[in-house]
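The sequence shown begins at 9 in our numbering and counts up by one. Heads up, the thing below is written out as structure tokens.
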Amino acid sequence: MSGARPEQAVLSRDTDMSKTEETRAVIEGMVDGLNDHRIADIGEFFSQGFSWMGNNGCGTKDGIKEFQDNWQKPFQAAFSDKVCVDEARLYMGEWAAAFGRQEALHSGNFMGVEATGKRIQIRYMDFWKVENGKITDNWVMVDF
Numbered sequence: 009m010s011g012a013r014p015e016q017a018v019l020s021r022d023t024d025m026s027k028t029e030e031t032r033a034v035i036e037g038m039v040d041g042l043n044d045h046r047i048a049d050i051g052e053f054f055s056q057g058f059s060w061m062g063n064n065g066c067g068t069k070d071g072i073k074e075f076q077d078n079w080q081k082p083f084q085a086a087f088s089d090k091v092c093v094d095e096a097r098l099y100m101g102e103w104a105a106a107f108g109r110q111e112a113l114h115s116g117n118f119m120g121v122e123a124t125g126k127r128i129q130i131r132y133m134d135f136w137k138v139e140n141g142k143i144t145d146n147w148v149m150v151d152f
């Protein structure tokens with residue numbers, strides 16, 4: 009590449025590495041909450057104005073209410089007997105990432121797809137930014 013190069017890793021360059029364990033605790037608590045199928049109080053892990061940014065088809069959700077109404081609740085309703093299995097988690101200061109799978113029974117309609125009644129796996133990657141003990145941003149790639 010000739011000429012000026014784009015600036016890289018701007019968001020994570022100045023992360024406070026002393027926050028790594030705090031970030032780990034927030035993410036581990038949130039994943040446990042999802043596996044316990046918590047909806048009413050899952051907001052304890054997210055800032056009120058957090059952004060959930062999904063891949064094509066999943067869209068972007070601004071704030072806990074939009075996330076719950078347009079992702080978490082419909083997802084929970086469509087996939088019963090669900091467990092989240094992170095195969096790897098990485099922590100770096102105020103940042104965390106994971107990849108893994110959701111194992112569930114496809115028991116309801118979701119994103120225009122009728123329930124199949126079959127056990128399925130949904131692969132995913134998550135990247136989180138944690139500030140002041142709350143998730144402020146969540147970038148998500150889901151493989152439906």
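All residues carry an ideal CB built from backbone N, CA and C; glycine is no exception. As the structure is a computational prediction, the values presented were derived from the model and not from experiment.
By the neighbour-count criterion, in which 16 or more other beta carbons inside 10 Å mark a residue as buried, Glu95 falls on the exposed side. Secondary structure at Asp24: coil, using DSSP grouped into helix, strand and coil.
Assignment of Asn78 by DSSP, reduced to helix, strand and coil, places it in the helix class.
Residue state for Leu19 is assigned as coil, using DSSP reduced to three classes. For Ala104, the secondary structure class from DSSP, reduced to helix, strand or coil, is strand.
For Asn43, the number of other beta carbons within 10 angstroms of its own is below 16, and it is reported as exposed. With respect to the C-alpha of Gly57, the residue from Gln76, Glu111, Cys92 having the closest C-alpha is Gln76. In this structure, the beta-carbon distance from Phe53 to Gly41 falls below 8 Å.
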